[in-house]
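Take 22 as the starting number for the sequence shown in our numbering and just add one per residue.
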Amino acid sequence: MMKSAILLPIAAILGAAVLSSLFIVDEREKALVLQFGQVKQVKEDPGLGFKIPLIQEVVRYDGRILGLPTTPVEVTMLDDRRLVVDAFARWRITDLVEFREAVGVGGELQALRRLEGIINPAIQQVLGSVNSNRVLSEDRTALMNQIRDIARAQASNLGIEVIDVRLTRTDLPDQNLEATFARMRAEREREAADEIARGGEAAQRVRAAADRTVVELTSDARRQADVIRGEADAERNGIYAEAFGRDPEFFAFTRSLTSYERALQPGNSSIVMQPDSEFFDYLRSDSGPGVAVPAP
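Printed below as a string of structure tokens:
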């Protein structure tokens, strides 16, 4: 019993020591084994690792590709135009020992600050040497590659590889936006006024052509109507002449009746004429002109 009571605590202590000497590295991680701040072991492959308990410690770092959204930076272009630019960088740790020596105990957070201090000056250096039109054109990709190459060369001293740098925003500063919008608005209003003026001129030409067409059509229709009316009057006169030639007395009778109808209208039937006027021939006698009727 005494022996068992002694062996059990010793076994427990040895088991705890063995367990504390083991560590597992995930496939998404990289690890350093440190002893009093000095690197004793580099573990980049996933699996089981060993360390000295209580003396050595394991520091883990992310082994994946990481992202860095930079803070906006104001850049003065070669044409004196200012732009507010921010970028997004992708990076990863390539040398654990050099990375540990560069960032110390700050780890990835300290690396982000150091990397941003490299990328922002690279953006100012590259974009400050070109006109603003290149930033907004297809040359943008070439400019981003230049920024990436500069950042990659400087970040290599940190044990970091910069994989890519992309410009996510290129805007005017806030104080310039309103002036730019006002200028754009004035240009669009001028273009609209020009379009309205050209439309009014075209509409005036269409109206003038339509008015001329109306006048021409009306004149032609009036001319044709006058011709038709003249032809009808001529035909009517011919019919009258033919009828007069066949029976002059009947023609004179019908013309007299028509004259009476037009002259003796209700309310206006007072006529001052001589009693023996030819106008009253058919009123004085049923026999017509040529029959003697005593004067009243």
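Using N, Cα and C, we set each Cβ at its ideal position, and we do this for glycine too. This one's a predicted model, so the numbers in the text were calculated from it and none came from an experiment.
| query | result |
| --- | --- |
| If you draw a straight line from the C-alpha of R228 to the C-alpha of L99, how long is it? | 53 Å |
| Keeping to the same chain, check which residues put their C-beta closer than 7 Å to that of I76; ignore five residues upstream and five downstream. | Q56 |
| For M205, does the count of other Cβ atoms within 10 angstroms reach 16, so buried, or fall short, so exposed? | exposed |
| Along the beta strand (DSSP E) that carries V80, what are the first and last residues, could you check? | 77-83 |
| Between the beta-carbon of L148 and the beta-carbon of A110, is there less than 8 Å? | no |
| Whole angstroms is fine: what's the gap from A143's alpha carbon to V94's? | 11 Å |
| For R187, which residues of its own chain have a beta-carbon under 7 Å away from its beta-carbon, when the five flanking residues on both sides are left out? | A108, F109, M165 |
| Where does T239 land, buried or exposed, given buried means 16+ other C-beta within 10 angstroms? | exposed |
| Checking 8 Å against the spacing of the C-beta atoms, do E129 and D83 come in under that value? | yes |
| What is the DSSP secondary structure of F57, reduced to helix, strand or coil? | coil |
| Please list the segments of the alpha helix (DSSP H) lying wholly inside the segment 214-290, counting only runs of 4 or more residues, in order along the chain. | 269-284 |
| Could you give the first and the last residue of the continuous alpha helix (DSSP H) run that contains I168? | 161-176 |
| Using a 10 Å radius around the Cβ and a threshold of 16 neighbouring Cβ atoms, would you call R173 buried or exposed? | buried |
| Can you tell me where the beta strand (DSSP E) with V46 in it begins and where it stops? | 43-46 |
| State the CB to CB distance for the pair V156 and L104, rounded to an integer number of angstroms; the pair is presumed to be in contact (CB under 8 Å). | 7 Å |
| To the nearest angstrom, how far is the alpha carbon of D116 from that of I45? | 20 Å |
| Could you please give the first and the last residue of the uninterrupted alpha helix (DSSP H) stretch that includes L136? | 128-148 |
| Could you spell out the range, first to last residue, of the alpha helix (DSSP H) harbouring L99? | Neither: L99 is in no alpha helix (DSSP H) and is coded neither H nor E. |
| If you reduce the DSSP assignment to three classes, tell me which class R49 lands in. | coil |
| So is I140 buried or exposed if we call it buried at 16+ other beta carbons inside 10 Å? | buried |
| Quick one: is E120 buried, meaning 16 or more other Cβ sit within 10 Å of its Cβ, or exposed? | Contrary to the premise, residue 120 reads as Phe rather than Glu in this sequence. Buried is the call here. |
| Mark L179 as exposed unless 16 or more other C-beta atoms lie within 10 angstroms of its C-beta, in which case mark it buried. | buried |
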